[in-house]
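Protein chains in written order, with the numbering used here: chain A, 762 to 1206; chain B, 528 to 847.
1) Looking only at its chain, what residues have a beta carbon closer than 6 Å to the beta carbon of residue 1193/A, apart from the 5 residues adjacent to it on each side?
2) For residue 967/A, does the three-state DSSP call read helix, strand or coil?
3) Between the C-alpha atoms of residue 905/A and residue 943/A, what's the straight-line distance to the nearest angstrom?
4) If you drop the 5 nearest sequence neighbours on each side, which residues of the same chain put their C-beta closer than 7 Å to that of residue 691/B?
5) For residue 915/A, which residues from the same chain have a beta carbon less than 8 Å from its beta carbon, with the 5 sequence-adjacent residues on both sides left out?
6) Three or more C-beta pairs closer than 8 Å, one from the segment 1130 to 1142 of chain A and one from the segment 789 to 799 of chain A: is that the case here?
7) Below 9 Å between beta carbons is the criterion; list the residues of the segment 626 to 658 of chain B that meet it against any residue of chain A, in chain order.
8) Am I right that residue 1177/A and residue 996/A are in contact with their C-beta atoms under 8 Å? What's the rounded C-beta distance?
9) Hey, is residue 697/B's beta-carbon within less than 8 Å of any beta-carbon in chain A?
10) Please list, in chain order, the chain B residues whose beta carbon lies closer than 8 Å to that of residue 1023/A.
11) Is residue 616/B close to chain A, meaning its C-beta is less than 8 Å from at least one C-beta of that chain?
12) Please classify residue 1162/A as buried or exposed, where buried requires at least 16 neighbouring CB atoms within 10 angstroms.
13) List the endpoints of the continuous alpha helix (DSSP H) containing residue 801/A.
14) Taking its Cβ as the centre, do 16 or more other Cβ atoms sit within 10 Å of residue 765/B, making it buried, or is it exposed?
15) Among 1182/A, 1199/A, 879/A, which has the Cα closest to the Cα of residue 784/A?
16) Nearest to residue 806/B by alpha carbon, out of 676/B, 606/B, 577/B?
17) Would you list, in sequence order, the uninterrupted beta strand (DSSP E) runs of no fewer than 3 residues that lie entirely inside the segment 786 to 842 of chain B?
18) From residue 842/B to residue 821/B, what distance separates their C-alpha atoms?
19) With a threshold of 7 Å on Cβ separation, who are the neighbours of residue 572/B within its own chain once the five nearest residues in sequence on each side are excluded?
20) Taking Cβ positions only, does residue 715/B come closer than 8 Å to chain A?
21) Determine the burial state of residue 777/B: buried for a count of at least 16 other Cβ atoms within 10 Å of its Cβ, exposed for fewer.
22) Would residue 1170/A be called buried (16 or more neighbouring beta carbons within 10 Å of its own) or exposed?
23) Just checking, does the segment 676 to 686 of chain B make contact with the segment 640 to 657 of chain B on the three C-beta pairs under 8 Å criterion?
24) Consult DSSP for residue 561/B and reduce its assignment to one of helix, strand or coil.
25) In whole angstroms, what separates the C-alpha of residue 703/B from that of residue 621/B?
26) Can you list, in chain order, the residues of the segment 1095 to 1116 of chain A whose Cβ is nearer than 9 Å to any Cβ on chain B?
27) Give the interface partners of residue 621/B over in chain A, defined as CB-CB distance under 8 Å, in chain order.
28) Which ranges does the alpha helix (DSSP H) cover as unbroken runs of at least 4 residues, wholly within the segment 1055 to 1094 of chain A, from first to last along the chain?
29) For residue 586/B, go through chain A and note every residue whose CB falls closer than 8 Å to its CB, in chain order.
30) Determine the closest residue to residue 959/A out of 871/A, 1047/A, 853/A, 985/A, with distance taken between C-alpha atoms.
31) Are any of the Cβ atoms in chain B nearer than 8 Å to that of residue 779/A?
32) Check whether chain A comes within 8 Å of residue 666/B, counting only Cβ atoms and requiring the distance to be less than that.
33) Listing by chain order, which chain E residues have their CB less than 7 Å from the CB of residue 1007/A?
34) Tell me the DSSP secondary structure of residue 844/B in three-state form.
35) If contact means a Cβ-Cβ distance below 8 Å, which residues of the segment 589 to 605 of chain B contact chain A?
36) Between residue 872/A and residue 835/A, which are expected to be in contact by the criterion C-beta below 8 Å, what is the C-beta distance as a whole number of angstroms?
Below is the structure:
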């Protein structure tokens, strides 16, 4: 045990190990942050949510920070509402229970590209008579464009780009460019735009609220996918899922392999025979194909896949490697002494054989983590990821099935891929350093 | 045969043969002997004569390639050979007899502190908790002369002599009535050997333990021995009280063995026995020592019986 403690103190001598530890600690912090800021149920709700959750986001929007790397500026998405004071609203009571609601919202537009879409979400309160609104659009150069006059129901969405009347009025199918371009140059006009909505209600107690949504070209820290989902959620939540899968699979596999190898070696006879034959059969079975079959025919739950992964990984080559070492240890004097003083077989296996193997186990365990993290991602890419959980692999799968690379959405693939690579790199660096510390053959003189 | 209950240990025609690719190794062949409480018997013999196998046979520490394992072992009147493996583990090992294995210095688990290791048998067999066991361990360490603060050390932090003492403490911790010491002083320097022998004598005196001391070190063993058994080619060829045996061994092999001990202030060179002990796989008929014996005569072609003579027993036709 002392030796193990010393070995860990030795880690500080290996810069790669320190880097590895740094990466692993950062990943753990990321995972903890994800689980604290977005609790599991919330994460699932967001990930499984459709338009009602994500209507404020554009589709296929790269992250906002690409503006730092581009000379031309993309417009950022935003949304504002009257309910929280984001949009100024004034109610002027009129005669016979009517009232006039005037709503105005001004924003700066300084992008070199047109936004994807503009929307206004109306919510209104009334008993019988619908309120009526008229909306106008003021450009920086002072032109006033009439957008729409319409009666609104209790919940109503108005999409600028899909309003046929507006298309006719503007004499173009491309509503958004028409609203944002300079009529002389035909290029986007930068400056302060204003949306003016005048509503009239016809009943006492009737009211109108609006939310204005600007679907820009870029969004947030990580961008969005085909379902307008903010990729921050699956990127953050991918960390705990990947770490949990990798660590549990690696720990479970290594520890069980070691115990089974020790039991087989110690008891020998048919127990050993059985374990060896199972191992040999398992070695020729195609691992991934079996997992794909389980995922296709039985369950894609990450726990089922994790269990199957561990079961299939126990009886592999390492059981033979462990057995070879145990065979040697088994013949040590102190094992015979333990047998002489009446230690039971189980005691010898757990107290005498296995502790000798821990120095071999630790580096192997750490190095095996990325393999399992990648396995989980690979299964997700193959369409066998957990149907509920947001994971890195799932992002890549979505990106792939939406032709992300073909359509130039590189961020979509690169973000999860980089996180996967960093995870692999971190554990690999730590594992290699631990191997050099624990394995006397690799120790520096 | 009926056994007398006052004997601590009675072994009757104990046989342990191993299977190898060359043939059957008759490591222990029809060995008989008995031992009283608080006595020490030394089993002497050259390397490869089956001494350690005898110890293993007594404790049923058998390798996988056992061919024959028969005979009777009565421990305090109970036939322990009739026990199954689990009964034997629980009732004989370390309860009835314990073993200080050969090369005891290596008999300690390198990853467990020595204190914990000595406590192990006590926890297994006395069913006591760790802290109670540690009290026992401290007492045992006192008996064998290991400083108290060694409890928290690992085996590699101890000298050979200290490790030997720890192994001895481990054998003592369950206070068995019989301790088998398999070459306890080999690989130790003379001073340490003397020290260990003194510890054994004191323990025998203080705790009333019996010892079976397996060794080829005649000089050291004579310190402790009450009785001597000479083993040759898997058989015991002579048994007797130490005070009778050492001055005048009876069996020709025993005589030559004693003559081979170097003596202080003696002009004569130590003797050696010509030839090799017979292979345990291919044993000669009759007396197994006959080929090397200077007193060989026709009768030696038949197997000699164990002959009694003045309370001593010898397996040689010369005394028929």
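Ideal placement from N, C-alpha and C gives every residue a C-beta, glycine not left out. Just so we're clear, the structure is a prediction, and the values are computed from it rather than from any experiment.
Result, derived from the coordinates:
1) What you label residue 1193/A is simply residue 432 of the first chain in a count that begins at 1. Excluding its 5 nearest sequence neighbours in each direction, residue 1193/A has no C-beta neighbour in its own chain below 6 Å.
2) Taking the first chain and counting its residues from 1, one reaches residue 967/A at position 206. Coil.
3) On the first chain, position 144 is the one that residue 905/A refers to. On the first chain, position 182 is the one that residue 943/A refers to. Residue 905/A and residue 943/A have their C-alpha atoms some 13 Å from each other.
4) By one-based count along the second chain, residue 691/B stands at place 164. Result list for residue 691/B: 631, 632, 711, 715, 723, in chain order.
5) The residue you call residue 915/A lines up with position 154 of the first chain. Correct list, in chain order: 884, 885, 886, 887.
6) Contact fails: fewer than three Cβ-Cβ distances are below 8 Å.
7) Those residues of the segment 626 to 658 of chain B that come within reach of chain A (Cβ to Cβ, closer than 9 Å) are 626, 627, 628, 629, 630, 631, 632, 633, 634, 635, 636, 637, 638, 639, 640, 644, 647, 648, 651, 652.
8) In the first chain, counting from the first residue as 1, residue 1177/A sits at position 416. In the first chain, counting from the first residue as 1, residue 996/A sits at position 235. Correct: roughly 7 Å between the Cβ atoms.
9) Here residue 697/B is taken as the residue at index 170 of the second chain, counted from 1. True, the Cβ-Cβ gap to chain A drops below 8 Å.
10) Against the first chain, residue 1023/A aligns to sequence position 262. The contacting residues do not exist; residue 1023/A stays about 14 Å from chain B at best.
11) Residue numbering aside, residue 616/B sits at position 89 when the second chain is read from its first letter. The C-beta of residue 616/B comes closer than 8 Å to at least one C-beta of chain A.
12) One-based indexing of the first chain puts residue 1162/A at position 401. Classification for residue 1162/A: exposed.
13) One-based indexing of the first chain puts residue 801/A at position 40. Judged by DSSP secondary structure, residue 801/A falls within the alpha helix (DSSP H) whose first and last residues are 801 to 809.
14) For this step, residue 765/B is matched to residue 238 along the second chain. Buried, because 16 or more other Cβ atoms sit within 10 Å of the Cβ of residue 765/B.
15) Taking the first residue of the first chain as 1, we reach residue 784/A at position 23. Comparing Cα positions, the closest option is 1182/A.
16) Position 279 of the second chain, counting from 1, holds the residue named residue 806/B. The residue with the shortest Cα to Cα distance from residue 806/B is 577/B.
17) The DSSP assignment places 834 to 836, 839 to 841 as complete runs of the beta strand (DSSP E) inside the segment 786 to 842 of chain B, in order along the chain (cut-off: 3 residues).
18) Residue mapping note: residue 842/B aligns to position 315 of the second chain, counting from 1. Residue mapping note: residue 821/B aligns to position 294 of the second chain, counting from 1. About 16 Å.
19) On the second chain, residue 572/B is found 45 positions in, with the first residue counted as 1. Around residue 572/B: 578, 743, 757, 758, 759.
20) Position 188 of the second chain, counted from the start, is the residue given in the question as residue 715/B. Under the Cβ criterion of 8 Å, residue 715/B is not counted among the residues facing chain A.
21) Along the second chain, read from residue 1 onward, the residue named residue 777/B stands at position 250. Burial call: buried.
22) Position 409 of the first chain, counted from the first residue, corresponds to residue 1170/A. Looking at its Cβ environment, which holds 16 or more other Cβ atoms inside 10 Å, residue 1170/A is buried.
23) The answer is yes - the segment 640 to 657 of chain B touches the segment 676 to 686 of chain B, with three or more Cβ pairs under 8 Å.
24) For this step, residue 561/B is matched to residue 34 along the second chain. Residue 561/B falls in the strand class under three-state DSSP.
25) Here residue 703/B refers to the residue found at position 176 of the second chain. Here residue 621/B refers to the residue found at position 94 of the second chain. One alpha carbon belongs to residue 703/B, the other to residue 621/B, and they sit about 6 Å apart.
26) Correct list: 1095, 1096, 1097, 1098, 1099, 1100, 1101, 1102, 1103, 1104, 1105, 1108, 1112, 1113, 1116.
27) The sequence position of residue 621/B within the second chain is 94, counting from 1. In chain order, 1101, 1102, 1103 make up the part of chain A whose C-beta sits under 8 Å from the C-beta of residue 621/B.
28) Taking only runs of at least 4 residues, the alpha helix (DSSP H) segments lying wholly in the segment 1055 to 1094 of chain A are 1063 to 1075, 1078 to 1091.
29) Here the question's residue 586/B lines up with position 59 in the second chain. Residues of chain A with a Cβ closer than 8 Å to the Cβ of residue 586/B are, in chain order, 1101.
30) For this step, residue 959/A is matched to residue 198 along the first chain. Among 871/A, 1047/A, 853/A, 985/A, the Cα nearest to that of residue 959/A belongs to 853/A.
31) On the first chain, position 18 is the one that residue 779/A refers to. Chain B contact via Cβ: absent.
32) To locate residue 666/B, count along the second chain from 1; it is residue 139. With 8 Å as the cut-off, residue 666/B does not count as an interface residue toward chain A.
33) Although the question refers to chain E, the structure presented lacks it and instead comprises the protein chains A and B.
34) Looking up residue 844/B in the second chain gives position 317. If DSSP states are grouped into helix, strand and coil, residue 844/B belongs with the helices.
35) Taking 8 Å as the Cβ-Cβ cut-off against chain A, the residues of the segment 589 to 605 of chain B that qualify are 591.
36) As a working mapping, residue 872/A is identified with position 111 in the first chain. As a working mapping, residue 835/A is identified with position 74 in the first chain. Indeed, because the Cβ distance is near 6 Å, the residues count as touching under 8 Å.
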